[in-house]
Amino acid sequence: MVTPNIALLLALPALVFGFSRDEAGNVCLVDPTRSDIVYHAFTSNLTPFVAKDGRVVTLPKSESSNSVELSSFSFEKPQDSNYSTDVFHVVVNTHPPQYLTGSEDGGIILDIFSSDGPESLFRVFCNGTVRSLSEILVPSSNDDGQSTSNTSESSQTLLFIPTVDPETITLSARRVDTKVPRCPKGYDIVERPGAPEPFIDGCPSDIASPIPQLDFDPCCTRHDYCYGKCDECFETCNKDFEKCMKDVCRDGDLDFQANRACKIAAKIYGRAVQKQEWKKAFLGAGNERCNCCKDGECKAWDEHGNLEN
687 MVTPNIALLL
697 ALPALVFGFS
707 RDEAGNVCLV
717 DPTRSDIVYH
727 AFTSNLTPFV
737 AKDGRVVTLP
747 KSESSNSVEL
757 SSFSFEKPQD
767 SNYSTDVFHV
777 VVNTHPPQYL
787 TGSEDGGIIL
797 DIFSSDGPES
807 LFRVFCNGTV
817 RSLSEILVPS
827 SNDDGQSTSN
837 TSESSQTLLF
847 IPTVDPETIT
857 LSARRVDTKV
867 PRCPKGYDIV
877 ERPGAPEPFI
887 DGCPSDIASP
897 IPQLDFDPCC
907 TRHDYCYGKC
917 DECFETCNKD
927 FEKCMKDVCR
937 DGDLDFQANR
947 ACKIAAKIYG
957 RAVQKQEWKK
967 AFLGAGNERC
977 NCCKDGECKA
987 WDEHGNLEN
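Residue numbering for the sequence shown follows our numbering, starting at 687 and increasing by one per position.
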């Protein structure tokens, strides 16, 4: 998937989501610098975490996340400015607030006081994953929701998803450019004889989902192919991309909260490709395959959509 080097600016009703980008230009699911955005936390297979009896444990399998109010989390910068910019405290939004801290038995406990030691600090990644700076383990659980130690990769990683209704995620009108014609009015678009197949490179690292069983890569492949087809339009390709990801969520056999988290990720990525900056990617994907023809004369266009002389 050809990814413009852009920041993702998503607007929600009464709240502007300023999702940042990382150094590679990847769309980020989290913005830990924003104090007004809160998150739910999940394991890598989308089992929710909840704060219970002074600890953080996974939701017992006997309980449905449909009926349980999940704990909400936010981020706070440490006092020590020597830490890198991606290091934060993880705060459980209780009254008073509590901080995630590593315990001696390899789990995570809650503390009303925060320290700047590695056992109380976490590195926040663009794709929503959060990992402790120390060697402590993020809690797993048995069927009863009791915390247990687990050394697997998935047990050491938290996945944070914003707590919003996925259907409310929209772009402000001034940043949407759904109508992007490949050819000026009066020209017909024609595939060049011997044109190469559309360039396909799959998902960038941010959209290559951190959730193992929810693979968005086929959707990115379809999106690449659609951008490269001469007779496809910008709006149709982007709508199909979002629908494909939502279908992945639907077919993932997830409970309510996990499905909702998946749809939020799909909606964010789907809205990201509607931004004006993706016009360049769309036009660039077809400028080696397609011509604009009028009265028997055909011309190519550049990445800005201007016909070449």
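By construction, the Cβ of each residue, glycine as well, lies at the ideal position given by its N, Cα and C atoms.
All figures in this text were calculated on a predicted structure; none of them were measured in a lab.
Note that the C-beta distance between A971 and F885 is below 8 Å. A contact between stretches requires three or more CB pairs, one per stretch, nearer than 8 Å, and the region 809-819 meets this requirement with the region 712-731.
Between the region 874-888 and the region 903-923 there are three or more C-beta pairs closer than 8 Å, enough to call the two in contact. D797: member of the beta strand (DSSP E) spanning 794-797, first to last residue.
If you draw a straight line from the Cα of F920 to the Cα of D739, it comes to about 51 Å. By the Cβ criterion, the region 800-814 is in contact with the region 777-786, since at least three pairs of Cβ atoms, one from each stretch, lie closer than 8 Å.
Assignment of I886 by DSSP, reduced to helix, strand and coil, places it in the coil class. With fewer than 16 neighbouring CB atoms inside 10 Å of its own CB, K980 falls in the exposed class. With contacts defined by Cβ atoms closer than 8 Å, A952 and K932 form a contacting pair. For T744, the uninterrupted beta strand (DSSP E) run begins and ends at 741-744, by DSSP. Within the same chain, Cβ atoms closer than 7 Å to the Cβ of L940 are found at L732, C948, the five residues on either side in sequence being excluded.
By the 16-neighbour rule on beta-carbons within 10 angstroms, T744 is buried. Shortest Cα-Cα distance from D802 to any of E963, N924, E762, V742 involves E762. Excluding five sequence positions before and after L756, the CB atoms of its chain that fall closer than 7 Å to its own CB belong to H726, P734, V736, Q943, given in chain order. Between V810 and V716, the C-beta spacing is below 8 Å. The beta carbon of N973 is closer than 7 Å to those of A986, W987, D988, E989 in its chain, skipping five residues each way along the sequence. Spanning the alpha carbons of F799 and Q765 requires a straight line of approximately 13 Å. For T787, there is no enclosing alpha helix (DSSP H); the residue is found in the beta strand (DSSP E) stretching over 784-788.
The secondary-structure analysis by DSSP pairs I875 across a beta bridge with C978. It is roughly 27 Å from the alpha-carbon of I795 to the alpha-carbon of N945. Beta-bridge analysis with DSSP links I847 to H726.
R868 counts as buried, since no fewer than 16 other beta carbons sit within 10 angstroms of its beta carbon.
The DSSP-derived three-state label of K738 is strand.
For S760, the number of other beta carbons within 10 angstroms of its own is at least 16, and it is reported as buried. In this structure P870 is in contact with L993, their Cβ atoms being roughly 7 Å apart against a cut-off of 8 Å. In the three-state scheme derived from DSSP, where H, G and I count as helix and E and B as strand, R809 is classed as strand. Rounded to the nearest whole angstrom, the CA to CA distance from S767 to V773 is 10 Å. When DSSP reads this structure, V773 sits in a beta bridge with R809. DSSP links W987 through a beta bridge to L993. For the pair P848 and R720, the Cα-to-Cα distance works out to about 11 Å. Relative to C984, the option among S770, D722, P879, D791 whose CA is nearest is P879.
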